[in-house]
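Residue numbers for the sequence shown follow the working numbering, so the first one is 12 and each next one is one higher.
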Amino acid sequence: MNKKHSHNLPEKFIERLTEMFGVSLCTQIQQTFVERPTTFRVNTIKADKNEIRQALFDLGFKTDNVVWYKDAFILKNKTLRELQDLDLYKQGKIYVQSLASMVPPLVLNPQSGEKVLDLTAAPGSKTSQIAALMFDPDESALGGRKPKGELVANDVDKVRFQKLEHNLELLGVIGDNNNWKLELKNENGVELTKLYPNYFDKILLDAPCTAEARIILDKPTTYGFWQERNIKDTAYLQRKLLFSAWQMLKPGGILVYSTCTFAPEENELQITKFMEQNTNCELLPIELSGVNKLPIVRTWKEREINKEVVKKALRIIPSKEIEGFFMVKMQKHGLYGIK
Numbered sequence: 012m013n014k015k016h017s018h019n020l021p022e023k024f025i026e027r028l029t030e031m032f033g034v035s036l037c038t039q040i041q042q043t044f045v046e047r048p049t050t051f052r053v054n055t056i057k058a059d060k061n062e063i064r065q066a067l068f069d070l071g072f073k074t075d076n077v078v079w080y081k082d083a084f085i086l087k088n089k090t091l092r093e094l095q096d097l098d099l100y101k102q103g104k105i106y107v108q109s110l111a112s113m114v115p116p117l118v119l120n121p122q123s124g125e126k127v128l129d130l131t132a133a134p135g136s137k138t139s140q141i142a143a144l145m146f147d148p149d150e151s152a153l154g155g156r157k158p159k160g161e162l163v164a165n166d167v168d169k170v171r172f173q174k175l176e177h178n179l180e181l182l183g184v185i186g187d188n189n190n191w192k193l194e195l196k197n198e199n200g201v202e203l204t205k206l207y208p209n210y211f212d213k214i215l216l217d218a219p220c221t222a223e224a225r226i227i228l229d230k231p232t233t234y235g236f237w238q239e240r241n242i243k244d245t246a247y248l249q250r251k252l253l254f255s256a257w258q259m260l261k262p263g264g265i266l267v268y269s270t271c272t273f274a275p276e277e278n279e280l281q282i283t284k285f286m287e288q289n290t291n292c293e294l295l296p297i298e299l300s301g302v303n304k305l306p307i308v309r310t311w312k313e314r315e316i317n318k319e320v321v322k323k324a325l326r327i328i329p330s331k332e333i334e335g336f337f338m339v340k341m342q343k344h345g346l347y348g349i350k
């Protein structure tokens with residue numbers, strides 16, 4: 012059994028976090044393990060951001076802007092339940108989503124006309140955001156603008172897949188549109204490569220992870236099952252999904268890999284090992300102003316982290332409003348690069 016601190020976090024977890032970031036940052040991070048305010052995104056497939064904000068204001072809902080994303084808001088004076096009781100919510104015009112999970116689609120930056128894959132898509136938060144980004148941003152959704160291109164959303168879990176279907180229908184992603192091909196797949200992501208070799212312009216792999224950045228001290232279920240050995244098992248699954256995603260990416264294509272965990276085995280070390288074996292992988296800088304960053308881990312368990320990872324990966328520092336997050340933006344050069 013893990014030894015526990017007075018606040019019940021596993022001692023080994025605290026040791027690892029301190030090794031990653033030092034005592035001061037480790038303490039600061041632990042202070043962010045609290046319930047965060049409700050955050051949501053205006054679904055621009057169905058609604059206009061300014062009209063929604065005005066409608067919420069008229070109903071007595073106070074919101075704050077999010078500096079790095081114009082469609083995102085922080086709820087200031089009402090509960091999640093009160094927001095969910097609104098017709099705006101029930102009609103899919105607003106979608107409750109954590110701020111951290113809004114970042115990877117922005118970094119992926121899908122464009123109208125592209126072929127895009129969300130490899131681990133359920134419950135559809137990022138998939139629906141990707142779809143909204145594939146609309147022409149200069150034309151309002153209310154003007155009847157529809158996206159162009161192809162979007163494939165996959166999830167292996169049958170129950171979560173049903174949530175994915177429900178959410179995409181509610182949010183208007185599923186619908187008649189001759190310029191838009193949407194496919195929902197309930198497949199093992201590792202096997203999907205057989206269907207789409209070297210096919211996609213953009214791929215999001217928001218990988219299954221140990222979710223260390225989603226710990227809430229008042230909810231023991233968020234950390235009670237934490238064990239160091241789970242990190243190794245999870246990293247192995249991520250590695251298989253990452254190799255599969257890479258095979259489905261076109262030469263010249265972009266892949267964004269992200270997790271909501273701190274463990275370097277799932278983050279910096281994962282990408283370092285991947286780049287050692289895939290010489291056709293280049294990391295691109297992530298340009299996102301207004302997000303506070305954690306330092307990138309430079310060495311872990313006597314392993315040097317690739318200098319490009321140190322230079323170009325992004326770690327978001329958790330706060331009272333946003334969870335911690337890790338991501339890299341990768342470009343594929345040529346078909347082959349496996350050592």
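Each residue gets a CB set at the ideal place from its N, CA and C atoms; glycine is no exception.
Is residue i helix, strand or coil when you go by DSSP?
i    : result
L253 : helix
K89  : coil
L338 : The identity of residue 338 in the sequence shown is Met, whereas the question assumes Leu. Strand.
N241 : helix
D212 : strand
K343 : strand
K169 : helix
Y80  : strand
R64  : helix
T283 : helix
K101 : helix
A152 : Because A152 carries a pLDDT of 47, less than 50, the predicted location of this residue cannot be relied on, and no value is offered for it.
V321 : helix
Distance, Cα to Cα, residue i vs residue j?
i    : j    : result
Q258 : Y80  : 31 angstroms
K230 : H344 : 44 angstroms
L162 : K322 : 31 angstroms
T55  : D187 : 17 angstroms
E194 : I265 : 20 angstroms
P116 : T245 : 22 angstroms
K23  : E239 : 8 angstroms
K331 : G33  : 20 angstroms
N241 : T283 : 20 angstroms
R326 : L144 : 23 angstroms
E313 : E279 : 13 angstroms
K318 : T290 : 14 angstroms
N197 : P208 : 18 angstroms
K304 : I328 : 5 angstroms
K192 : D69  : 37 angstroms
E315 : E202 : 31 angstroms
F254 : T204 : 9 angstroms
Could you pull the start and end residues of the beta strand (DSSP E) that residue i belongs to?
i    : result
P262 : L260 to T270
E194 : W191 to K196
E161 : G160 to N165
L325 : L325 to I327
N76  : T74 to V77
K126 : K126 to D129
T50  : T50 to V53
E293 : C292 to L295
Tell whether a beta-carbon distance below 9 angstroms holds between residue i and residue j.
i    : j    : result
L181 : G103 : yes
V267 : L346 : no
R52  : I333 : no
N178 : Y106 : yes
T138 : V77  : no
A274 : R27  : yes
Which term fits residue i, buried or exposed, when burial requires 16 or more other beta carbons within 10 angstroms of its beta carbon?
i    : result
D129 : buried
L99  : buried
G135 : buried
E277 : buried
T49  : buried
M341 : buried
L206 : exposed
F336 : buried
Taking the continuous alpha helix (DSSP H) assigned at residue i, which residues delimit it?
i    : result
R27  : E22 to Q41
L182 : Element bounds for L182: n/a, residue is neither H nor E.
F355 : Past the edges of the chain, shown from 12 to 350, lies residue 355, and the structure says nothing about it.
V114 : L110 to L119
L203 : Per DSSP, L203 belongs to no alpha helix (DSSP H) and is neither H nor E.
T138 : S136 to L144
Using a threshold of 8 angstroms, is the CB atom of residue i nearer than that to any non-hydrogen atom of the ligand PLP?
i    : result
K126 : Although the ligand PLP was asked about, the structure shown includes no ligands whatsoever.
Against chain C, does residue i count as a neighbour if the rule is that its beta carbon must be under 9 angstroms from one of theirs?
i    : result
E334 : Judged by its chain identifiers, the structure shown contains no chain C, having just a single protein chain.
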